[in-house]
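Structure first, commentary second.
In this note's numbering, the protein residues as written are 1 to 352.
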């Protein structure tokens, strides 16, 4: 099953890139060989290989929930001690790494860096991708970490990269630096908008208006925390909350904001937040799910915001015009108005 669920029946919980990995493994003797799985978004590989007790590297809270749900629904053993985040050292050496290559090249680089720190000398990494997503940069990145990089033939529109003979590397700095006015912000590889503040977020920051009674504020889908950072610079006494589905995003925001009266939430929804908790919610919401364009997640978040916003609270959102969020938000909130727009984006304000 996919979590979050989708009404788009063409979207599945796995594709032939997953099956391609399993086909290759079926030709190998992997019994008792320790291995780790990366970017298994819905747990297909985890479930199929569960009896080998692989390490599972988790990048998203929704990924963790999806894997747990699918293990339980298939009555498979669940050992959360095998769940690892992408910034911590793997707990032991491994012989095989399995990667569903993500859309973010930086995230692919981070995965390979973590893997090579714990990969045995004769270990290998098997990376899968759909052929339509191939880029020569994948080979360039793989070559940074391995001497032997082999690309398989296509099978059902998917390919594998087989990586062997890991290189001896110096320590890699896996942070990007972003300039904001007179300040430098940092974010881990794999967080949205790696080298600059994206245009939508800039537009929202330029139009932020914090009212005197906006005491408790949520930055929803907070990324590296730039919106909350901009609010904090001008409003030292407000209680700020940041929430994101991405582990790397939440850890990045912790680098940029002090803990004082600031709270960080690693979650894909507002399920742990009580009703009518916030005075103001601001967001540049997600519209992409790796290679998928999908606003269903955002729409569910809008319903969460309605519940968590107090009676006189506001929801301020920036979005691309072509998503037509105005129509969706008008069905959820009593009042939705456009307070500014440019050629590409619009800023909407909603209230109960």
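Ideal Cβ positions, reconstructed from N, Cα and C, are used throughout, including at glycine.
In the displayed model, residue 46 falls within a helix according to three-state DSSP. Closest option to residue 229, judged by alpha-carbon separation, among 212, 213, 204: 204. Note that the C-beta distance between residue 313 and residue 279 is below 7 angstroms.
Residue 118 sits in a helix when the DSSP states are folded into three classes. About 6 angstroms separates the beta carbon of residue 201 from that of residue 226, a gap short enough to meet the 8 angstroms contact definition. Contact between residue 159 and residue 146 is absent: CB atoms are separated by about 16 angstroms, not below the 8 angstroms threshold. DSSP, reduced to helix, strand and coil, places residue 281 within a strand of the structure shown. Inclusion of residue 82 and residue 71 in the CB contact set at 7 angstroms is not warranted, their separation being larger than that value. Here DSSP, grouped into helix, strand and coil, assigns residue 17 to helix. In this structure, residue 74 keeps its C-beta atom at 7 angstroms or more from the C-beta atom of residue 185. Here residue 232 is buried. Its C-beta has 16 or more other C-beta atoms within 10 Å. Within the model, the alpha-carbon separation for residue 276 versus residue 318 is close to 22 angstroms. Assignment of residue 237 by DSSP, reduced to helix, strand and coil, places it in the coil class. If you check the CB distance, residue 22 and residue 47 do not come in under 7 angstroms. Taking the Cα of residue 208 as reference, the smallest distance to any Cα among 61, 348, 90 is reached at 348. Residue 124 sits in a strand when the DSSP states are folded into three classes. Put simply, the backbone Cα of residue 245 is about 9 angstroms away from that of residue 63. In its chain, beyond the 5 residues on either side, 44 have a beta carbon closer than 6 angstroms to the beta carbon of residue 14. Considering only 210, 223, 161, the residue with the shortest C-alpha distance to residue 187 is 223. Just so you know, the alpha carbons of residue 140 and residue 212 end up roughly 52 angstroms apart.
Counting only the Cα atoms, residue 242 lies some 20 angstroms from residue 177. A residue is called buried once 16 or more other Cβ atoms fall within 10 Å of its Cβ, and residue 264 is buried on that count. CA-to-CA, the gap between residue 301 and residue 269 works out to about 6 angstroms.
DSSP lists 36, 125 as the bridge partner or partners of residue 97. Rounded to the nearest whole angstrom, the CA to CA distance from residue 343 to residue 323 is 14 angstroms. Closest in alpha carbon position to residue 321, among 285, 315, 307, is 285. Within its own chain, the residues whose Cβ lies closer than 7 angstroms to the Cβ of residue 196, once the five positions on either side in sequence are excluded, are 178, listed in chain order.
The secondary-structure analysis by DSSP pairs residue 175 across a beta bridge with 188. If you look at residue 305, you'll find it in the alpha helix (DSSP H) that goes 296-308. Measuring C-alpha to C-alpha distances from residue 193 to each of 206, 115, 248 identifies 248 as the nearest. Residue burial is scored here from C-beta neighbours: residue 221 has at least 16 other C-beta atoms within 10 angstroms and is therefore classed as buried. Taking the Cα positions, residue 87 is about 34 angstroms away from residue 7.
Counting every other CB atom within 10 Å of its CB across the protein chains shown gives residue 251 a total of 16 or more, marking it as buried. Bridge pairing for residue 265: 243 [DSSP].
In the structure shown, residue 252 adopts helical secondary structure according to DSSP, grouped into three states.
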